[in-house]
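Sequential numbering of the sequence shown, starting at 77, is according to the numbering used here.
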Amino acid sequence: MQAYAIAKAVRISPYKVRQVLPLIRGKKVGDAMMVLRYTPKKAARLVEKVLKSAVANAEFNFGMDVEKLKVVEAKADQGPSMKRFRPASMGRAHAYVHRTSHITVTVAE
């Protein structure tokens with residue numbers, strides 16, 4: 077049995093989140109929480125929040141034992157991009173994009 081949690085349209089690029097995810101894949105939930113707590117990146121805080129949600133889903137929806145849970149899958153997909161324009165010289169405008177992520181964490185016994 078697997079339980080998962082998804083955070084959608086999080087205001088951080090998937091590239092930055094993917095730097096943190098290999099640190100927790102395949103680890104026990106307690107070890108993964110410890111690693112994320114001491115990782116000095118914004119993405120670590122966001123992934124920790126999703127991991128806590130996945131553990132809560134496993135415990136309350138499926139009755140799984142929290143001590144036996146492992147992180148089976150952790151991924152970050154591209155979310156919707158917010159397109160904005162900044163004024164430039166000589167009446168022009170330069171486009172830039174705010175990228176967002178969909179962070180998914182799956183846990184299982």
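Using N, Cα and C, we set each Cβ at its ideal position, and we do this for glycine too.
Name the two residues that bound the continuous alpha helix (DSSP H) containing residue 128. 118 to 138
Whole angstroms are fine: how far does the CA of residue 142 sit from the CA of residue 176? 30 angstroms
Cβ neighbour criterion (16 or more within 10 Å) applied to residue 167: exposed
Is residue 146 closer than 8 angstroms to residue 180 when the C-beta atoms are compared? no
Strand pairing of residue 80, partner residues [DSSP]: 182
Taking buried to mean at least 16 other C-beta atoms within 10 Å of its own C-beta, is residue 163 buried or exposed? exposed
When DSSP labels each residue in this structure, what does residue 92 get in the three-state scheme? helix
May I ask you to report which of helix, strand or coil DSSP gives residue 85? strand
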